[in-house]
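Chains as they are written, first to last, in this note's numbering: chain A, 1 to 243; chain B, 1001 to 1173.
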């Protein structure tokens, strides 16, 4: 077995766990009775594949998470959120049950006779309305959500942490909409004003579990889509930050 | 009649019936009735829709007749006087027929809160069957909400189950 394979096996078998500092090049030469060039190329190869991280002046360490396949990205999705330093207030305008009317059954991929939880929230910054968020969740996915505090808690966290429903995919669509009378009143704008609309379909495994429609007032906050690629912790963030 | 049975023994799950918020239009509710009952050939007795507010408090109920009367032009609503001429009153439906395409379609955009029957009477899970029957008879109801501690909506009790319970007692004796 080549040195490269020996080291990789030690990492995969967790004999060398995350954060473990591997022996120096000199030690590896002696332990495995191979040339320094062989050691160096094996380490470089493993660093390139994300198994190891080199830290200048400190040594070589086992990376946080191993990339099994170069084409696979480990990505976690964030709920559309507003930067922590911005003071956001939330008004819960509705938290009730309805049937999927109009095209909602198609959007949630459920039959028209299934009950759904409807949550409507108005987000405010500096006491000015900024965002209307309407969320639709089939009732059978998470019945207790009907009585949860959705003013303080993020739906995303409630689903994942409290109810163990992992969100494994999000599909986002952006468009421009023209406000209806009610939306205009909530956002302090006149009817038919243009606004950004973001619609998100959330999936858990192969099942769609939530549909969210967010209407953003123009100005004040801008929407940032950020993709961070770190070994083992890639993430896609959608967030609002101050203009 | 058996003294032991109370409302909670006969009540049914609220999710047996479609739920709508009060701001839905008559048109939207018609579509829900089609999908939930008519297309699937499910005809529960009564065939009803429950109307809620934004905090999931029950506001009222709608049965098919409430929808049809909501689509009827306002001037056709019977007055005290019209009751004397029953024959002629029915003939007024010709006017409804001619106006139907324009008038009824406009009326279908009204929110259902305008046509629902407000939920004013309730029973508690431990109330007697006769109390539920009394409220239904005296207030012309076919469905009663069951509230726990006058607040939490836990179920529904229907005329058909009450009828069944009372008739069993009659037939036994």
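Just so you know, even glycine gets a beta-carbon here, dropped at the ideal spot from N, CA and C.
Values in this document were obtained by computation on a predicted structure and should not be read as measured data.
Checklist entry - Where are the alpha helix (DSSP H) runs, 4 residues long or more, that stay fully inside the region 178–206 of chain A, in chain order? => result Restricting attention to alpha helix (DSSP H) runs no shorter than 4 residues, the region 178–206 of chain A encloses them at 181–186, ordered along the chain.
Checklist entry - Which stretch, first to last residue, makes up the beta strand (DSSP E) that contains residue 1176 of chain B? => result Because chain B spans 1001 through 1173 in this model, residue 1176 of chain B falls outside it and cannot be assessed.
Checklist entry - For residue 138 of chain A, which residues does DSSP report across the bridge? => result Here residue 138 of chain A is taken as the residue at index 138 of the first chain, counted from 1. Residue 138 of chain A has A:116 as its beta-bridge partners, per DSSP.
Next on the checklist: At the 8 Å Cβ level, is residue 1054 of chain B part of the contact set with chain A, yes or no?
Outcome noted: The sequence position of residue 1054 of chain B within the second chain is 54, counting from 1. So, interface residue.
Next on the checklist: Less than 8 Å between CB atoms is the rule here; does residue 1040 of chain B satisfy it with respect to chain A?
Outcome noted: Taking the first residue of the second chain as position 1, residue 1040 of chain B is located at position 40. It does; some Cβ of chain A falls within 8 Å.
Next on the checklist: Taking only three categories from DSSP, how would you classify residue 4 of chain A?
Outcome noted: Here residue 4 of chain A corresponds to residue number 4 of the first chain, with the count starting at 1. Residue state, collapsed to three classes: helix.
Checklist entry - For the putative contact between residue 167 of chain A and residue 174 of chain A, defined by C-beta atoms under 8 Å, what is the C-beta separation to the nearest angstrom? => result Along the first chain, one-based indexing puts residue 167 of chain A at 167. Along the first chain, one-based indexing puts residue 174 of chain A at 174. Going by Cβ atoms, the distance from residue 167 of chain A to residue 174 of chain A rounds to 19 Å, so no, they are not a contact pair.
Next on the checklist: Taking the beta carbon of residue 62 of chain A as the centre, do at least 16 other beta carbons fall within 10 Å, making it buried, or is it exposed?
Outcome noted: Here the question's residue 62 of chain A lines up with position 62 in the first chain. Residue 62 of chain A is buried by the Cβ-count criterion.
Checklist entry - Just checking my contact of residue 132 of chain A with residue 198 of chain A at CB under 8 Å: how many whole Å lie between their CB atoms? => result For the purposes of this step, residue 132 of chain A is identified with residue 132 of the first chain, where counting begins at 1. For the purposes of this step, residue 198 of chain A is identified with residue 198 of the first chain, where counting begins at 1. For a cut-off of 8 Å, the C-beta gap from residue 132 of chain A to residue 198 of chain A is around 11 Å, too long to register as a contact.
Checklist entry - chain A partners of residue 1100 of chain B, CB-CB under 8 Å? => result In the second chain, the residue the question calls residue 1100 of chain B occupies position 100. Listed along chain A is no residue with a C-beta nearer than 8 Å to that of residue 1100 of chain B; the closest approach is about 23 Å.
Item to check | Bridge partners - residue 52 of chain A, DSSP secondary structure assignment | outcome: Along the first chain, one-based indexing puts residue 52 of chain A at 52. DSSP lists A:62 as the beta-bridge partner residues of residue 52 of chain A.
Item to check | Bridge partner(s) assigned by DSSP for residue 96 of chain A | outcome: Position 96 of the first chain, counted from the first residue, corresponds to residue 96 of chain A. Residue 96 of chain A is bridged to A:118.
Checklist entry - residue 1032 of chain B versus chain A: which residues are under 7 Å apart at the beta carbon? => result Position 32 of the second chain, counting from 1, holds the residue named residue 1032 of chain B. For residue 1032 of chain B, the neighbours in chain A by C-beta distance under 7 Å run, in chain order, 99 and 101.
Checklist entry - What does residue 94 of chain A reach in chain B if we use C-beta pairs closer than 8 Å? => result Residue 94 of chain A sits at position 94 when you count from the first residue of the first chain. At a C-beta separation below 8 Å, residue 94 of chain A has these neighbours in chain B: 1021, 1054 and 1055.
Checklist entry - Given that a residue counts as buried once 16 or more other Cβ atoms are within 10 Å of its Cβ, and exposed if not, what is residue 73 of chain A? => result For the purposes of this step, residue 73 of chain A is taken as residue 73 along the first chain, with counting starting at 1. Caution is warranted here: a pLDDT of 31 is assigned to residue 73 of chain A, below 50, making its placement in the model unreliable, and no coordinate value can be reported.
Checklist entry - Around the Cβ of residue 216 of chain A, are there at least 16 other Cβ atoms within 10 angstroms (buried) or fewer (exposed)? => result Reading the first chain from its first residue, position 216 is the one you call residue 216 of chain A. Buried, since its Cβ has 16 or more Cβ neighbours within 10 Å.
Checklist entry - Can a CB atom of chain A be found closer than 8 Å to the CB of residue 1113 of chain B? => result One-based indexing of the second chain puts residue 1113 of chain B at position 113. No, residue 1113 of chain B does not count as interfacial toward chain A.
Checklist entry - Beta carbon of residue 246 of chain A, beta carbon of residue 151 of chain A: below 8 Å? => result With chain A represented from 1 up to 243, any question about residue 246 of chain A goes unanswered, as that position is not in the structure.
Item to check | chain B residues whose Cβ lies nearer than 8 Å to that of residue 146 of chain A | outcome: Translated into positions along the first chain, residue 146 of chain A becomes position 146. From the beta-carbon of residue 146 of chain A, the residues of chain B found nearer than 8 Å are 1056.
Next on the checklist: Measuring CB atoms only, is the region 1007–1019 of chain B touching the region 1095–1111 of chain B, in the sense that at least three cross pairs come out at less than 8 Å?
Outcome noted: Touching, no.
Checklist entry - Quick one: what's residue 123 of chain A bridged to in DSSP? => result Translated into positions along the first chain, residue 123 of chain A becomes position 123. Note: residue 123 of chain A sits in a beta bridge opposite A:90 and A:131.
Item to check | Burial state of residue 95 of chain A, where buried means 16 or more other Cβ atoms lie within 10 Å | outcome: Stepping through the first chain from its first residue, residue 95 of chain A is reached at position 95. With 16 or more other CB atoms across the displayed protein chains lying within 10 angstroms of its CB, residue 95 of chain A is buried.
Checklist entry - With 16 other CB atoms within 10 Å as the buried threshold, where does residue 194 of chain A fall? => result To locate residue 194 of chain A, count along the first chain from 1; it is residue 194. So residue 194 of chain A ends up on the exposed side.
Checklist entry - Going along chain D, which residues have a C-beta under 9 Å from residue 1024 of chain B? => result Absent from the structure: chain D. Protein chains present are A and B.
Checklist entry - Got a sec: which bits of the region 113–136 of chain A sit with their beta carbon under 8 Å from any beta carbon on chain B, in order along the chain? => result Within the region 113–136 of chain A, the residues whose Cβ lies closer than 8 Å to any Cβ of chain B are, in chain order, 113, 115, 118 and 120.
Checklist entry - Should the region 118–126 of chain A be regarded as contacting the region 134–142 of chain A, the criterion being three or more beta carbon pairs within less than 8 Å? => result Result yes; three or more Cβ-Cβ pairs closer than 8 Å.
Checklist entry - Applying a beta-carbon distance threshold of less than 7 Å, which residues of chain A neighbour residue 1153 of chain B? => result Position 153 of the second chain, counting from 1, holds the residue named residue 1153 of chain B. Chain A residues near residue 1153 of chain B: none, gap ~10 Å exceeds 7 Å.
Item to check | Cross-strand partners of residue 215 of chain A (DSSP beta bridge) | outcome: Residue mapping note: residue 215 of chain A aligns to position 215 of the first chain, counting from 1. Its beta-bridge partners are A:132 and A:197.
Checklist entry - Of the choices B:1055, B:1121 and B:1027, whose alpha-carbon is the least far from that of residue 1068 of chain B? => result Stepping through the second chain from its first residue, residue 1068 of chain B is reached at position 68. Taking each of B:1055, B:1121 and B:1027 in turn and checking the Cα distance to residue 1068 of chain B, the smallest one comes out for B:1027.
Checklist entry - Does the beta-carbon distance from residue 1017 of chain B to residue 1053 of chain B come in below 8 Å? => result Counting from 1 along the second chain, the entry for residue 1017 of chain B is found at position 17. Counting from 1 along the second chain, the entry for residue 1053 of chain B is found at position 53. No Cβ-Cβ contact shorter than 8 Å links residue 1017 of chain B with residue 1053 of chain B.
Checklist entry - Are residue 129 of chain A and residue 182 of chain A close, meaning C-beta to C-beta below 8 Å? => result As a first step, residue 129 of chain A is located in the first chain; it is residue number 129 there, counting from the start. As a first step, residue 182 of chain A is located in the first chain; it is residue number 182 there, counting from the start. Contact: no.
Checklist entry - What is the DSSP secondary structure of residue 1136 of chain B, reduced to helix, strand or coil? => result Reading the second chain from its first residue, position 136 is the one you call residue 1136 of chain B. In the structure shown, the three-state DSSP call for residue 1136 of chain B is helix.
Next on the checklist: Using the Cβ count rule (16 or more neighbours within 10 Å means buried), how would you classify residue 202 of chain A?
Outcome noted: Locating residue 202 of chain A in the first chain gives position 202, counting from the first residue. By the 10 Å Cβ count, residue 202 of chain A comes out buried.
Checklist entry - For residue 1122 of chain B, which three-state DSSP category applies? => result On the second chain, residue 1122 of chain B is found 122 positions in, with the first residue counted as 1. When DSSP states are grouped into helix, strand and coil, residue 1122 of chain B belongs to the coil group.
Checklist entry - Where does the unbroken alpha helix (DSSP H) through residue 1032 of chain B begin, and where does it stop? => result For the purposes of this step, residue 1032 of chain B is taken as residue 32 along the second chain, with counting starting at 1. Counting along the chain, the alpha helix (DSSP H) containing residue 1032 of chain B begins and ends at 1026–1033.
Checklist entry - Among residues of its own chain, excluding the 5 on either side of residue 89 of chain A, which ones have a beta-carbon nearer than 6 Å to its beta-carbon? => result Counted from its first residue, the first chain places residue 89 of chain A at position 89. Taking C-beta separations shorter than 6 Å and ignoring five residues to either side along the sequence, the partners of residue 89 of chain A in its chain run 124, following chain order.
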